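Take a look at the structure below.
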Amino acid sequence: MEYKRKWPNYVRWFSAKPKTTGFLIFLILSFCVGLSIFQRYQVIKINERREMGVILENLHQNIEQCLKNCYTTTLTLALTINDNGTPDNFDSISSKLLVSNNYISAIQLVPNGVIKYIYPLEENKSALNLNIFKTPSVRKEALKSLENKKMYFAGPLVLKQGGIGIVGRLPVYKKNKFWGFSAVVIKFKDLLKVSGINSIDTNKYYFQFSKINPNTQKEEFFLPKKKDINKGEQISTKILDGNWKLYLIAKKQNHHYSVLYLPSILGFILAVLLGSFITVLLYKPRQLQQLVNIQASKLQNSETKFRTIFDQAPLGIALVDDETGNFLEINRKFCELMGYSEQEMKTKNYQSITHPKDSLKTELNVNELKEEKINNYTAKKRYITKSNVTIWVNLIVSSLSRTTNNRKTNIAIVEDITLKKQILEDLKKSEKQFKNLFNNSPIPMWEVDLSLIKNYLTDLNLVGKKAANVEKYFNENPDVVLKCFNLVKIIAVNYKCLQLLHINTVQELNLGQVLDTETINDFMKQLIAVTQNNNQLAYDTKIKNSLGESIDIHFRWNAIREYEKTMERMIISTEDITFRKKNEKVILNSQKKIEALINTIDGIVWECDIKTFRFTFVSKKVEQILGFTSEEWLSDPDFWKDHIYPDDRNWALEYCTKKTNELLNHDFEYRMICKNGTLIWLRDMVNIVFENGKPTSLHGIMIDITKSKNIEDDLNNSFNLVSRQNERLLNFSYIISHNLRSHTSNIASIVTLLQASETQEEKEQMMQLLISVSGLLNETMLHLNEVINIRTNVSLVTLSLNLKEYIENVMKVFSQQIISKEVTIFNQIHDDLIINYNPAYLESILYNMISNAIRYGHPERKIIIFLKWITENDKNYLEISDNGIGIDLVKNSNKVFGMYKTFSNDPTSKGVGLFITKNQIEAMGGSITVESNPNAGTTFKIEIL
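Those letters in the sequence shown? Residues 1 to 945, per this note's numbering, in order.
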């Protein structure tokens, strides 16, 4: 066959050997399948390793978060240590810390390396008093924490109280001196639990936890080792706070690669099938030759049918000689179009009937057909009829195969389109006028076809539905909105529109470039208008130009007349309002700047209605000062009134109302309740705003003056304290002056009498009196000195003391008197009651109280003494009661605690004990009160801080 001779030699070689060609195709495809499977295997391996990295990172972050919480716990615990080196409220604070960090099993304070405080104590008692600096297993890691001066987690190690755990120690310094450690203990199993190891798929991965032993310098593993692991597939990470290393190891898994079996089999089958197909395909040419012969006979039958169609066709058909252009055969319709008979037409060629203006174009097409550059062409051209009338035709020319005499012919099919052309010309004129108006419009204009959108919405049964229902549907089905957006068909845009979008031609226009979130939301308005059959719509929106810049536009569209129902032609105007929007934005920005400036003022700037006191503006500073947001304040009309402290509310509202009615600017101070329930002092400065000479609103600023109020209160308290001290000092000076003056007067009188004595006996009597008076003077000086020591001792040492033990010690001092006088003492103080007090003062106070109760017992009944610990109004008191002779407070209420004031006939009573006791109690920051009736006993209440 002739076409085979044109093939290259290698093509002919392959086509001549179908089996060899098929086998080569099979080998090539098999290689491609193998390469694809290998790449897929690599992807699976990469994904598996990425998954392992994510899992290990999650474990690492969980452990890091746990350690950070432990650091916060130890730091909180360290802050409980007072300046004396003892922790305050260790148990209560520790219990709260354990509740908030449930993975911590124990909390410790380790002064000087010795564990002295543990919570909970019962489960961890075995670790108490352990010296970690002398314990080899933990010494190095403890020293490492001390050396780095930061928290370090020791372990996992075997705990003294049992089990395996880690111990985080934070070195604590007091006055730049090492005090000890604040430590937490976490059971190893709890650490693993909080890390999230339990969520790891154990069928795929194995987790391991290791650390370099500080003593052996060897890596130790703390979880059981598995056998079915792939040592080549493991990743690890370090946690520096404990010098730990986390491993995630992939187990040997074959099921991952089972997904490759099916593609491998299918690829192999495809290679076999394609190789077989190529083999079969190369056998086809032989079979095709047989078919050609069969088709030849069929063509002869087709020739007969062609002749029938040729003569009866409603279109003009002619066979034209390719060389000369003469008409060889012409059907009846062609002759009718041209006005010539068939014989006349055969004497002509196509050039003779072609309009001169179309001749050149016709020749170009004919030459390309001759040169076989094209097989056919279509053209609209003009013919001149026999009556010299120009008609327009739609011409289709196709090249036919050469005849037996090697002549090539073309078939021409002609359709008369003169009437269509005339109508089209009229339409063009009308369209041109419209386009001139459209293109020269000073506003960006679009012509679009929305018919596809309307048809789509009709199919969805949305046309004619209520606008609210349609909007709800679009919100629930955003994909419908996007599909409608893609159905918009742009017919034309004018120059101003191209200029607006920064493009040169309409072909560069892509609706996707103007798309953003706001555009889509506004596009829903158009869709709703379509469903409501609205032919007019206008709103402001945004679009983007080709540079990605956002443009503000005023969008308006109208339907062209006669297209209202179908919406095939819609005119859209997109007026650029960016400049206007920018000016609006400048105004808004100015307002925001003013608001931001207001929010920076260290006070709450506000505005409210002058009649109702309803606030219309509150600055953001309210959230920092009161804890409430501006929105919370503005949403409640009575917010200000309701949050004024009740004790200040009535007078504050009355004062503000009064000054406002008088149209006077004013300021006042009151308290408000914060969101957290605390009280703050505010100074509110109010100005009345006038518009057109009439008061319209109130402007003001609330300034937080809580600190200055607290300072003022502190100053007042200090002033009162100093005043009381001055008063006591003045009274004390009177006492000193009186006592010393009485003694010195006695001595002076005795000396005068001594000088006037005439006998030796009188002199000796005067000397005995002088010795007695000087002894009393010495005793008075001792008492005064003791009081002065109490008043001047400003740096008293306080310790944690067991109150019951001190009471029992004092009772032992009076054991002889208790037995001899049959005294009954009810010590109702709890065994574990600890108070912070000066030991010497506590012992002196208890001694004076109990000795007075025994000394002034009623002679007609046995002495009974009660000691109780009571709490009233959040204050703690030691109450000491007796059934003695009592004190007449009506006569002596102001003298009970005076110096040298006595209320009995007991010669041993000197009136110093209660005076000293009161001074000692006040020196410790407390107070003492007395309740008593004659012959009914006495009750002293001592306040202890």
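Don't be surprised by glycine CBs; every beta carbon is placed ideally from N, CA and C.
Quick caveat: nothing in here was measured; it's all calculated off a predicted structure.
Cα-Cα separation, residue i to residue j
i    : j    : result
E761 : I747 : 19 Å
L223 : S635 : 59 Å
N687 : N717 : 35 Å
Y734 : S774 : Confidence in Y734 is poor, its pLDDT being 47 and thus under 50, which makes the residue's placement too unreliable to answer from.
E122 : G242 : 27 Å
W606 : E476 : 41 Å
L262 : C484 : 41 Å
L867 : G85  : 31 Å
I949 : L769 : Given that the chain is displayed from residue 1 to residue 945, the structure contains no residue 949 and the question cannot be resolved.
G34  : I235 : 29 Å
T73  : V184 : 8 Å
S708 : R649 : 21 Å
E323 : I411 : 13 Å
E623 : L56  : 41 Å
H830 : V99  : 28 Å
D609 : T541 : 35 Å
S387 : E368 : 32 Å
S927 : K189 : 53 Å
S546 : T574 : 16 Å
T612 : D638 : 9 Å
L527 : I503 : 27 Å
H459 : I571 : The question names His, but residue 459 in the sequence shown is Asp. For D459 and I571, the distance between alpha carbons rounds to 24 Å.
C66  : W633 : 39 Å
F897 : F814 : 23 Å
D479 : K466 : 20 Å
Residue i - DSSP class collapsed to helix/strand/coil
i    : result
N477 : coil
A468 : helix
F814 : coil
I944 : coil
I265 : helix
K593 : helix
V158 : strand
N376 : strand
A313 : coil
R40  : helix
R861 : coil
Supposed close pair residue i, residue j - CB separation, criterion 8 Å
i    : j    : result
D449 : K496 : Actually they are not in contact, since the Cβ atoms of D449 and K496 sit about 21 Å apart, beyond 8 Å.
P120 : K149 : Not really, about 29 Å apart at Cβ, beyond 8 Å.
A127 : K96  : Actually they do not touch by this definition, with Cβ atoms about 21 Å apart.
I701 : I625 : Between I625 and I701 the Cβ distance is about 11 Å, and since that is not below 8 Å, they are no contact.
N823 : I865 : It should be pointed out that residue 823 corresponds to Val in this sequence rather than to Asn. Going by Cβ atoms, the distance from V823 to I865 rounds to 7 Å, so yes, they are a contact pair.
K763 : S757 : 5 Å
Test item: CB-CB of residue i and residue j under 8 Å
i    : j    : result
Q208 : I239 : no
G22  : I197 : no
E568 : S451 : yes
D321 : L328 : yes
R671 : I705 : no
V463 : T531 : yes
T939 : S881 : yes
I81  : K175 : no
V110 : I93  : no
L59  : L246 : yes
G113 : A78  : no
I331 : F310 : In the sequence on display, residue 331 carries Asn and not Ile. Result yes, Cβ atoms of N331 and F310 sit closer than 8 Å.
M685 : D713 : no
L842 : Y806 : yes
I63  : L191 : yes
I942 : I845 : yes
I453 : L509 : no
M811 : I834 : no
V167 : G180 : no
Contact test: residue i Cβ vs the ligand FAD heavy atom, cutoff 7 Å
i   : result
M52 : Annotation note on the ligand FAD: not contained in the displayed structure, which lists no ligands.
For this session: Indicate whether the contact test is met: 3 or more Cβ pairs, each with one atom in the stretch 348-366 and one in the stretch 442-458, closer than 8 Å.
Result: no
Problem set entry | Three-pair Cβ contact test at 8 Å for the stretch 876-892 versus the stretch 853-864 | yes
Exercise. Using 8 Å as the threshold, is the stretch 406-424 in touch with the stretch 391-398, meaning 3 or more CB pairs across them?
Worked result: yes
Problem set entry | Touching by the beta-carbon criterion (3+ pairs, under 8 Å), the stretch 546-553 and the stretch 572-579 | yes
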